[in-house]
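The next block holds one structure in the form of structure tokens; read it before the comments.
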Amino acid sequence: MQYHFNDIEKKWQDYWAKHQTFKAENHSDKPKYYVLDMFPYPSGAGLHVGHPLGYIASDIYARYKRHKGFNVLHPQGYDSFGLPAEQYAIQTGQHPAVTTEDNIKTYRRQLDQIGFSFDWSREVRTSDPSYYKWTQWIFIQLFESWYNNDTNKAEHVETLISKFASEGNANVNAVCDDQIESFSALEWNNFSSEKQQEILLKYRLTYLAETEVNWCPALGTVLANDEIVNGVSERGGHPVVRKKMTQWSMRISAYAERLLQGLDTLDWTESLKESQRNWIGKSVGASVTFKLKNHDEVIDVFTTRPDTIFGVSFMTLAPEHELVSKITTPEQKTEVEAYIEATAKRSERDRMADVKTISGAFTGAYAEHPFTKEPIPIWIGDYVLAGYGTGAVMSVPCGDQRDYDFAKHFNIAIPNIFEGVDISEEAYGSKDNVIIANSDFLNGLNYKKASKLAIYELEKLGQGVGKTNYRLRDAVFSRQRYWGEPFPVYYVKGMPQMIHAKHLPITLPEVEKYLPTETGEPPLGNAIVWAWNTESNSVVSNDKINHTSIYPLELNTMPGWAGSSQYFNRYMDPHNDTEIFSQEAVNYWKQVDLYIGGSEHATGHLLYARFWQKFMFDKGLVPVDEFAKKLINQGMILGTSAFLNRLSIQVSYKGVGPSGYALEKIKRIDFPNYFISESWFKTPMARMSLNLKMREDFYQKILKKEDLKYLDEEIYLIGFFNENRIHVDVNLVDSSDELNIEKFKNHSLYREYKNSYFIFDNFKKFTVARDVEKMSKSKYNVVNPDAICEQYGADSLRLYEMFLGPLEQAKPWNTAGITGVHGFLKKFWKLYIGDNGLNITDTKPTADNLKTLHKTIKKVEEDIENFSFNTTVSTFMIACNELTAQKCTSRGILEPLLVLLSPYAPHIAEELWNQLGHNDSISTATFPKFDPSHLVESSKEYPISFNGKTKFTMELPLDLSKEAIEKAVMSHEKTIAQLEGRTPKKVIIVPGKIVNIVG
RNA sequence: GCUCAAGUGGCGGAAUUGGUAGACGCGCUGGAUUCAAAAUCCAGUUCUUCGGAGUGCGGGUUCGAUUCCCGCCUUGAGUACCA
Numbered sequence: 000m001q002y003h004f005n006d007i008e009k010k011w012q013d014y015w016a017k018h019q020t021f022k023a024e025n026h027s028d029k030p031k032y033y034v035l036d037m038f039p040y041p042s043g044a045g046l047h048v049g050h051p052l053g054y055i056a057s058d059i060y061a062r063y064k065r066h067k068g069f070n071v072l073h074p075q076g077y078d079s080f081g082l083p084a085e086q087y088a089i090q091t092g093q094h095p096a097v098t099t100e101d102n103i104k105t106y107r108r109q110l111d112q113i114g115f116s117f118d119w120s121r122e123v124r125t126s127d128p129s130y131y132k133w134t135q136w137i138f139i140q141l142f143e144s145w146y147n148n149d150t151n152k153a154e155h156v157e158t159l160i161s162k163f164a165s166e167g168n169a170n171v172n173a174v175c176d177d178q179i180e181s182f183s184a185l186e187w188n189n190f191s192s193e194k195q196q197e198i199l200l201k202y203r204l205t206y207l208a209e210t211e212v213n214w215c216p217a218l219g220t221v222l223a224n225d226e227i228v229n230g231v232s233e234r235g236g237h238p239v240v241r242k243k244m245t246q247w248s249m250r251i252s253a254y255a256e257r258l259l260q261g262l263d264t265l266d267w268t269e270s271l272k273e274s275q276r277n278w279i280g281k282s283v284g285a286s287v288t289f290k291l292k293n294h295d296e297v298i299d300v301f302t303t304r305p306d307t308i309f310g311v312s313f314m315t316l317a318p319e320h321e322l323v324s325k326i327t328t329p330e331q332k333t334e335v336e337a338y339i340e341a342t343a344k345r346s347e348r349d350r351m352a353d354v355k356t357i358s359g360a361f362t363g364a365y366a367e368h369p370f371t372k373e374p375i376p377i378w379i380g381d382y383v384l385a386g387y388g389t390g391a392v393m394s395v396p397c398g399d400q401r402d403y404d405f406a407k408h409f410n411i412a413i414p415n416i417f418e419g420v421d422i423s424e425e426a427y428g429s430k431d432n433v434i435i436a437n438s439d440f441l442n443g444l445n446y447k448k449a450s451k452l453a454i455y456e457l458e459k460l461g462q463g464v465g466k467t468n469y470r471l472r473d474a475v476f477s478r479q480r481y482w483g484e485p486f487p488v489y490y491v492k493g494m495p496q497m498i499h500a501k502h503l504p505i506t507l508p509e510v511e512k513y514l515p516t517e518t519g520e521p522p523l524g525n526a527i528v529w530a531w532n533t534e535s536n537s538v539v540s541n542d543k544i545n546h547t548s549i550y551p552l553e554l555n556t557m558p559g560w561a562g563s564s565q566y567f568n569r570y571m572d573p574h575n576d577t578e579i580f581s582q583e584a585v586n587y588w589k590q591v592d593l594y595i596g597g598s599e600h601a602t603g604h605l606l607y608a609r610f611w612q613k614f615m616f617d618k619g620l621v622p623v624d625e626f627a628k629k630l631i632n633q634g635m636i637l638g639t640s641a642f643l644n645r646l647s648i649q650v651s652y653k654g655v656g657p658s659g660y661a662l663e664k665i666k667r668i669d670f671p672n673y674f675i676s677e678s679w680f681k682t683p684m685a686r687m688s689l690n691l692k693m694r695e696d697f698y699q700k701i702l703k704k705e706d707l708k709y710l711d712e713e714i715y716l717i718g719f720f721n722e723n724r725i726h727v728d729v730n731l732v733d734s735s736d737e738l739n740i741e742k743f744k745n746h747s748l749y750r751e752y753k754n755s756y757f758i759f760d761n762f763k764k765f766t767v768a769r770d771v772e773k774m775s776k777s778k779y780n781v782v783n784p785d786a787i788c789e790q791y792g793a794d795s796l797r798l799y800e801m802f803l804g805p806l807e808q809a810k811p812w813n814t815a816g817i818t819g820v821h822g823f824l825k826k827f828w829k830l831y832i833g834d835n836g837l838n839i840t841d842t843k844p845t846a847d848n849l850k851t852l853h854k855t856i857k858k859v860e861e862d863i864e865n866f867s868f869n870t871t872v873s874t875f876m877i878a879c880n881e882l883t884a885q886k887c888t889s890r891g892i893l894e895p896l897l898v899l900l901s902p903y904a905p906h907i908a909e910e911l912w913n914q915l916g917h918n919d920s921i922s923t924a925t926f927p928k929f930d931p932s933h934l935v936e937s938s939k940e941y942p943i944s945f946n947g948k949t950k951f952t953m954e955l956p957l958d959l960s961k962e963a964i965e966k967a968v969m970s971h972e973k974t975i976a977q978l979e980g981r982t983p984k985k986v987i988i989v990p991g992k993i994v995n996i997v998g
């Protein structure tokens, strides 16, 4: 009986679906384990072989945990709001919901055919109103919360309001807007309702504020920092500009310290934690206030080096700093204004690209040194960023290279305040090994002590305080898009009001077109039925907006990360209509035990989701404040792109110039119509045979450009190039890299090359060049898992993806290699089923059989625990080879072996399990227990090495004493031959390991 | 620039605590089977001047280093005038 994988796989996939084999219950006697994948965005292109890698790994782990007796939650869903469906809607008019539904169908079919053990009864879709109802609900909770620094957690705004009413805001220690006026209880109580709302908005965890945002005109929307790559949009590569807009923001900065500290408790990769640490960007230092000469205003700066305060020789403000216009002297006005104009013109991208150029202007104004009271000139320069700190720095050229360069460039003094340090060439930027000098009361102190004392003295003057700064900015939460969650928000007199949670969800309105309105409003501005009636508590038509109790609804929608910040909790109780999830469910599942996904979410999704989790923890909604205990980033599977080399050659030739002189020239000529076989370059061929047509082209090219007359035999080919190559679809190339020229010429993509010429190698072959790149449609190197499943089966695909290499590493895909694992499965099948049916007997296993089995159990278990899935596949192959050689038919061996294989190749395992006479699914069978007694050896093949180099091996009993081993080794003929009569200096014997003779 | 990760045959990779470097697979070579092909099976496959050499390069520790330490080079990823 043959291994008919297509039939077997279909049969068991249907069985699992019908019997709901992988449905997880929210209560069990077993311990719980939650395995989660980052859910996919269902794109129109479907899955390629790179996508399932992480899913296969998590599926193996989930199945393994079931064998180990855990109640496993392994859900899947779709992150189904997003830009591509909306772009498609703009182009075709098809509703994004329809596009999304189609794409999900394709995804589901592709996922099903790989045999994942997902509990599909818990599927969530972020674009489903029954799901985004709860995304909207969390938004309302955030709006109704503020961050209390005294209790170090989020609290309901009611507690804030009662504080204001009883004592004003003087003693409120909140994370809030920097520019907040102080008021007494009396003043608060006398404020108008609008005024009170305005003030509260500055404290809420989600708030409306005028922010400078990254505006992408081509997409008509705001982008988050992590949606911008090298100054252009991640999607589409469109230019991005800075623009001020009123936007919803999330006060993630309130959680900066907790997000940082929380990392230490997580079993995530160090590199990922490091990215988050960099993103949060904590720096400890001081805020210092400089008084101005002849002005009442002051300049606040943030510095990490208060110890260098006596090294300040100038101050630099960002050109956008609000004080610039106020303090600039009339004499400097022209220069400063010209500079501001010039920097405003330079885009963010230019400024980034051009770090080297030093520019700036003197304002003519002076600040006063807090201790020496000396005047300090105030400059502006674009190396100071308006968005970080206060947009102003105290410049210490001896201790900061940028200040140093600026000072050198503009001839500003560079006082040295470091003892015994040479600053004639560059600044001394290190905090270590410095002793402060020329600094009054700081002299002789190191960085730590001097900083502390400087802050103490500044505090006494009322001109400074120790401060910690974070780079983490509040997250902009509004998008000018259609296909996203609507806000549960309407506006009364311009102030945002939350719709009561009991009226959720506020579903997306229908619009006629998905573009921004003519007046530049977001696409929801096109909706006709999009106003809120506070009497009927329902969405009504816009045309009644001027009536009482009918108000405009928010036109923005939420960003992509909204839905993905709560899905992992919702899976615990996905159909709950009255709560986001029951306390019973969340207290049972608690948090994700294993989370697998791509590293591209390091500073986006993974940071925002942690923020929401901490907020929910503060609100008492979840029992733990980190949502994922362990996280693994799967590496990318790369594509092997194929390229056609376009011919370019370098020739030297002799000719006769216009005036009759002989000339020798070297010239490079491109032949865009000629393709040359890659194998040609590997052939050690010195000359190139130009065919007639080429020769003609060749002459024409040169003759046209240079008026020369040539002698045929004096043209020499001295070099060629294979740059200028074009991508060719990998499906037109066979496994030996040979191009199917016929197919290529008839392919619609390559119509323009229909009449091109092909230069073959000596063996009449035409091969393509290969290179490893990211797998993507635009590179024509995409391999579809459907084709692999059809030809080799899902079990082969699963095994091969794991076999390629370590899970976390990037690795190239090569379809040819799949025959290895496919061959293994066929051999494995034959171990159980021969030509005459089942091979299984009840014979007692031999010692060799048991040794193979238990060696395999041990290795497989260790490998899975260490996520070393690639080596497990090797282990299976070794076991299969050994048992085949041993002609093992014993049920006692082959039955437990099936359980070991089952997480990796579940279909074949189920089928053989069934053929062995089991009626239940193998998925709940107990994992075999390792028994070390079968691996005990009585002798060891000792490597005998001389000066550390192994020369031969020797079989010796393991219970031999050191002396006996030495005796046996030294009398061995090969030892004597190796020593050639010399006496060894030393003999190292490690029993059970090695013998090393040092001579 | 900074941070992190990684450099091992023709290729993907293995060696989990310092102890026989190259497991397993692909590819390649030869053979068996076949009218032939596919499939399958068997043998070989780091290099070598056959002494040896060899895990990016140069040092070090050790009886012994892919593994530990110091210095460098290269590649990939992230991040960037962050005061």
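Residue 0 is where the first sequence starts when you use numbering that gives the first Met the number 0, and the numbers rise one by one after that.
Virtual Cβ for every residue (Gly too), placed ideally from N, Cα, C.
Since the structure is predicted, the reported quantities are computational estimates derived from the model, not experimental observations.
DSSP state of residue i mapped onto helix, strand, coil
| i | result |
| --- | --- |
| Lys928 | coil |
| Ser378 | Per the sequence shown, residue 378 should be read as Trp rather than Ser. It is a strand residue. |
| Tyr14 | helix |
| Ile943 | strand |
| Gly980 | coil |
| Val986 | strand |
| Tyr791 | coil |
| Ile1068 | This structure does not reach residue 1068, given that the chain is present from 0 up to 998, and the question cannot be answered. |
| Arg401 | helix |
| Phe4 | helix |
| Val335 | helix |
| His546 | coil |
| Gly465 | strand |
Nearest-angstrom Cβ-Cβ length linking residue i and residue j, presumed shorter than 8 Å
| i | j | result |
| --- | --- | --- |
| Met249 | Ala526 | At roughly 25 Å, the Cβ-Cβ gap does not stay under 8 Å, so Met249 and Ala526 are not in contact. |
| Arg890 | Asp841 | 6 Å |
Check whether residue i and residue j have beta carbons under 7 Å apart
| i | j | result |
| --- | --- | --- |
| Pro318 | Ile379 | yes |
| Thr307 | Asp299 | no |
| Gly792 | Phe4 | yes |
| Lys1013 | Pro414 | As displayed, the chain neither begins before 0 nor continues past 998, which places residue 1013 out of reach and without an answer. |
| Ile758 | Ile675 | yes |
| Ala360 | Tyr382 | no |
| Trp482 | Ala84 | yes |
| Val335 | Thr327 | yes |
| Gly531 | Leu554 | Sequence check: residue 531 is Trp here, not Gly. No, these two residues do not count as a Cβ contact at 7 Å. |
Exposure label - residue i; buried when at least 16 CB within 10 Å
| i | result |
| --- | --- |
| His237 | exposed |
| Leu738 | buried |
| Met0 | exposed |
| Lys708 | Any reading at Lys708 is ruled out, since the residue's pLDDT is 49, under 50, leaving its predicted position unreliable. |
| Ile137 | buried |
| Pro858 | In the sequence as displayed, the identity of residue 858 is Lys instead of Pro. Buried, by the Cβ-count rule. |
| Phe440 | exposed |
| Gln178 | exposed |
>> For a minimum of 3 consecutive residues, which ranges assigned as the beta strand (DSSP E) are wholly contained in the segment 169-196?
In response: none
> Hey, which unbroken runs of the alpha helix (DSSP H) at 4 residues or more fall wholly within the segment 387-455?
Replying inline: 400-408
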